[in-house]
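Undergrad: Below you'll find the structure I mean.
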Amino acid sequence: MKSDRGDIELAGVCKSFDGVTNVVDGVNLRIDDGAYCCFIGPSGCGKTTILRMIAGHEDPTAGEIVIGGQNVVGLAPVQRRTAMMFQSYALFPHLTVRENIAFALRVRGQSKADRLRAADAMIEKVRLTQFADRLPAQLSGGQQQRVALARAAITEPRVLLLDEPLSALDEQLRVQMRQELRRMQQELGITFIHVTHTQLEAIALADLVVVMEQGKIKQAGAARDVYAHPHDRYVAEFMGGQNVLSGRVEKVNGASFTLAAPSGIEVPLQARPTINVGDQVDIAVRRDDVALVRPGRDLPPGYTTSLPGRVLAIEYQGYFVKVMLDTVPDDEFVAYVPEKTFFADPFTVGDVVMATWATGSALPLA
Amino acid sequence: MQPSPSPQLGSSRSNLAGWLYVSPLVLVLVPFFVAPILVVLTASFFATDGFGGLTPGFTPASYIEVLHSALTLKLYLATIKFTVLTWIFTLIIGFFVAYFLVFHVRNQLLAIGLFLLCTVPFWTSNIIRMISWIPLLGKEGLINQALLAMGVIHQPLEILLFSDLAVVIAYVHQLTIFMIVPIFNSMARIDKKLIEAAIDAGASRFDIMRLIVVPMSKSGIALGTIFVVSIVMGDFFVVKVMSGGGSASVVSAFYEDVGVLQYPTAAASAVLLTLVLVAIVSLILRTVDIRQEITQ
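In the order they appear, the protein sequences are chains A and B. Letter by letter, the first sequence follows residues 0 to 365 in numbering that gives the first Met the number 0. Letter by letter, the second sequence follows residues 0 to 295 in numbering that gives the first Met the number 0.
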């Protein structure tokens, strides 16, 4: 059965290299055809192993990998119609750009004229025409990355797998290449699976962000979902942009509950297994939802919670100012204050301030 | 870096440092390599009385004699035959042994162990290694006896020992390690990700060998080739022993010359062979960048 669809289903996929610990531990996931999916997690969380299993360079110990309705476990990469772009690119150092890109067509037995024509068309697509006869060592990092992308894309795969494609580039180039990846993905209209450990990269690119920890999926969803509505403390802290607080539930009243310590935070109740008085719960408050008020001043309307704290450090970030507070002992508490608001009444390190937020913006975590 | 106050002084000082770095090598090479070559070169232009007496002078007579002799061409052809045959077999065996060690032995400790195993024949002397072929290849040797017992042949094969075949066998036995080491060395540096990328592109095992491994081992192959070619072309002992005196090589011929006190012709032959070897080696070096092999 041949299918051009590049939708992927992982069902109970496990991988163990030593037979004792599972590097990938029972992963279930559905990736739509033509989606841009980012796997994100710290190193050693199994994200690259998942990628290599989808690519066919590693066999799962258990579970099924289905691409376009067909179980591909045991098939060679060519039969899966996947292509992989390797970390640090793995370009053939003794072949020119054109030969590198035409390599897959060469081993598929295409005639020289055909494959060079196809390679040249692809070279134009990635804007490397003037470098076609150079060796990889004579190219910059960004150009090498484009060669790697072209080499992977030339076989018209239905799934393209990218292993930390941007990690070898410097910051500025990374942002530029990020856009190029997205552009290529839309142009080719195929499924991209991209492994990264950079949060910004994931949420900037992906239709589907998959956050992993120790071989398990912690949360999978749209970028905005994962960033703004993290399921638990791990996702909230890993994706960043959130202050995570924990406390005991003091009272539950209809649409909200209140935490005892730190002092009386009111949190709206959401669809979550019942919360009982006395439970220890984590909540998240977005850093850009936190407003800072000098002690004694009135809180803005709708703001019920306020926590006192001392300013530990201030970082100017351009359009906002990052203010770090000692509000929560042993944990970071940060407010992203818009630049204009901050400089209307600037704080200095050591000032005591009240951190406050609209009741609705606190989010209970699992 | 501070600009040097006097570029003249700076460069002469760095020159001195450079000379100091190379001085140990120079101290070895000048008396043991450069001086003998100069002696041979000088002797090749001397005249001789035919009984070992040398008359200092400058006469190309010895060169003319060597170049006019029909024997010279025959000897070179014989030597080149041995060289090419040995090169082909050592290359094939060396390449595949290195390939196996690098790409098929997953356990690095095992790979090193097997690699050391390749050097076992060198734990004993060259002469013993050659003599040890006799019980295997001889008229009463293991191979002949086995073939006789199986009824494959009815008379012992004479060609096995004291023949050109035996010479090539002995050379291959002796020199394969000189192919394995440099090829292993350059193969070991091939990033395994490249192999994976080739598999990802749909390359077969043969494609990977043909399009990735062989081109990327080129410098190792060239280095091994230089070792093997220069050793075989400069050898006479194996030819003499293993052919039972039936074959000769360039070197064995001028060894005979020395034996009959024809020093100038022997010297002229030696200079000629050196020039031929230099030409061959520089041809090989033109095809690959050896520096890449040494500096990386």
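Just so you know, even glycine gets a beta-carbon here, dropped at the ideal spot from N, CA and C.
If you measure between the beta carbons of residue 122(A) and residue 106(A), is that distance less than 8 Å?
TA: No. Outside cutoff.
Undergrad: With a Cβ-Cβ cutoff of 8 Å, do residue 255(A) and residue 279(A) count as a contact?
TA: Against a cut-off of 8 Å, the Cβ pair of residue 279(A) and residue 255(A) comes out as no contact.
Undergrad: So, does the segment 252-270 of chain B touch the segment 186-203 of chain B, judging by three or more C-beta pairs under 8 Å?
TA: As far as the Cβ criterion goes, the segment 252-270 of chain B does not touch the segment 186-203 of chain B, which means the pair count is below three.
Undergrad: Identify every run of the alpha helix (DSSP H) within the segment 84-141 of chain A, keeping only runs that are complete inside it and at least 4 residues long; order them along the chain.
TA: Listed in chain order, the complete alpha helix (DSSP H) runs (minimum 4 residues) inside the segment 84-141 of chain A are 96-106, 111-124.
Undergrad: Mapping the DSSP letters down to three states, classify residue 279(B) as helix, strand or coil.
TA: In the structure shown, residue 279(B) sits in a helix (DSSP, three-state: H, G or I).
Undergrad: Which residues bound the alpha helix (DSSP H) around residue 147(B)?
TA: Start and end: 141-149.
Undergrad: Hey, is residue 135(A)'s beta-carbon within less than 8 Å of any beta-carbon in chain B?
TA: Taking Cβ atoms only, chain B never reaches closer than 8 Å to residue 135(A), which makes this a no.
Undergrad: Since I believe residue 190(A) is in contact with residue 30(A) (beta carbons under 8 Å), could you give me their beta-carbon distance rounded to a whole number of angstroms?
TA: That pair is a contact at about 6 Å.
Undergrad: Is the Cβ-Cβ distance between residue 228(B) and residue 82(B) less than 8 Å?
TA: Yes. Within cutoff.
Undergrad: Residues of the segment 75-88 of chain A with a CB closer than 7 Å to any CB of chain B: list them in chain order, please.
TA: If the cut-off is 7 Å between Cβ atoms, the segment 75-88 of chain A has 76, 77, 82, 83, 85 near chain B.
Undergrad: Helix, strand or coil for residue 162(B)? Go by DSSP, reduced to three states.
TA: Residue 162(B) falls in the coil class under three-state DSSP.
Undergrad: For residue 215(B), name the three-state secondary structure that DSSP assigns.
TA: The answer is helix: DSSP assigns residue 215(B) an H, G or I state.
Undergrad: Sort 346(A), 53(A), 144(A), 295(A) by Cα distance to residue 69(A) and report the nearest one.
TA: Closest option to residue 69(A), Cα to Cα, is 53(A).
Undergrad: For residue 93(B), does the count of other Cβ atoms within 10 angstroms reach 16, so buried, or fall short, so exposed?
TA: Burial call: buried.
Undergrad: Can you name the start and end residues of the beta strand (DSSP E) that residue 321(A) belongs to?
TA: Here the beta strand (DSSP E) through residue 321(A) covers 319-324.
Undergrad: Could you check what DSSP says for residue 41(A) in three-state terms: helix, strand or coil?
TA: Looking at residue 41(A) - three-state DSSP - the assignment turns out to be coil, as it is neither helix nor strand.
Undergrad: Can you list, in chain order, the residues of its chain with a C-beta nearer than 8 Å to that of residue 156(B)? Leave out the 5 residues immediately preceding and following it.
TA: Closer than 8 Å at the Cβ level, and outside the excluded window around residue 156(B), lie 142, 143, 146.
Undergrad: So, helix, strand or coil for residue 251(B), using DSSP?
TA: Correct three-state label for residue 251(B): helix.
Undergrad: Taking the C-alpha atoms as reference points, what is the distance between residue 66(A) and residue 170(B)?
TA: Spanning the two alpha carbons is a distance of roughly 56 Å.
Undergrad: Which residues, in chain order, does the segment 195-214 of chain B contribute to contact with chain A at a C-beta distance below 9 Å?
TA: Within the segment 195-214 of chain B, the residues whose Cβ lies closer than 9 Å to some Cβ of chain A are 195, 196, 197, 198, 199, 200, 201, 202, 203, 206, 207, 210, 211, 214, listed in chain order.
Undergrad: Which residue's Cα is closest to the Cα of residue 44(A): 61(A), 13(A), 33(A)?
TA: It is 13(A).
Undergrad: Taking residue 67(B) as part of the alpha helix (DSSP H), name the residues at either end of that continuous run.
TA: Counting along the chain, the alpha helix (DSSP H) containing residue 67(B) begins and ends at 60-67.
Undergrad: Scan the segment 100-118 of chain A for residues whose Cβ lies nearer than 8 Å to a Cβ of chain B and list them as they occur along the chain.
TA: Listed by position along the chain: 102, 103, 105, 106, 107.
Undergrad: Among the candidates 133(B), 241(B), 186(B), whose CA atom is the shortest distance from the CA of residue 96(B)?
TA: If we check each option's Cα against that of residue 96(B), 186(B) comes out closest.
Undergrad: Per DSSP, residue 220(A) is paired with what?
TA: For residue 220(A), which the question treats as bridged, DSSP gives the partners 208(A).
Undergrad: If I measure Cβ to Cβ from residue 0(B) and keep anything under 7 Å in the same chain, skipping five residues before and after, which residues do I get?
TA: Summary for residue 0(B): the model assigns pLDDT 41, below 50, so the residue's position carries little reliability; its value from the coordinates is reported in the next sentence. If we look at residue 0(B) and ignore the five residues flanking it on each side, it has no Cβ neighbours.
Undergrad: Quick one, which residues of the segment 53-68 of chain A are near chain B if we go by CB-CB under 9 Å, in chain order?
TA: The segment 53-68 of chain A vs chain B, Cβ under 9 Å: 54, 55, 56.
Undergrad: Work out the CA separation of residue 183(A) and residue 351(A) for me, nearest whole Å.
TA: Residue 351(A) and residue 183(A): Cα-Cα distance of roughly 50 Å.
Undergrad: Please list the partners that residue 341(A) has in chain B, where partner means a Cβ-to-Cβ separation under 8 Å.
TA: In chain order: nothing, as chain B lies at least about 45 Å away.
Undergrad: Which same chain residues, not among the five before or five after residue 65(B), have their C-beta less than 7 Å away from its C-beta?
TA: Contacts found: 71, 264, 267, 268, 271.
Undergrad: Is it buried or exposed for residue 234(B), if we count other Cβ within 10 angstroms and need 16 for buried?
TA: It counts as buried.
Undergrad: Could you tell me which of 248(B), 232(B), 242(B), 262(B) sits nearest to residue 279(B), measuring between CA atoms?
TA: For the residues 248(B), 232(B), 242(B), 262(B), the minimum Cα distance to residue 279(B) belongs to 232(B).
Undergrad: Taking the C-alpha atoms as reference points, what is the distance between residue 18(B) and residue 30(B)?
TA: Each residue's alpha carbon lies about 17 Å from the other.
Undergrad: Pick helix, strand or coil for residue 361(A), following the three-state DSSP scheme.
TA: DSSP places residue 361(A) in strand when its eight states are reduced to three.
Undergrad: In this structure, does DSSP put residue 69(A) in helix, strand or coil?
TA: Strand at residue 69(A).
Undergrad: How would you label residue 127(B), buried or exposed, when you count the other beta carbons within 10 angstroms and need 16 or more for buried?
TA: Counting Cβ neighbours within 10 Å, residue 127(B) comes out exposed, since fewer than 16 surround it.
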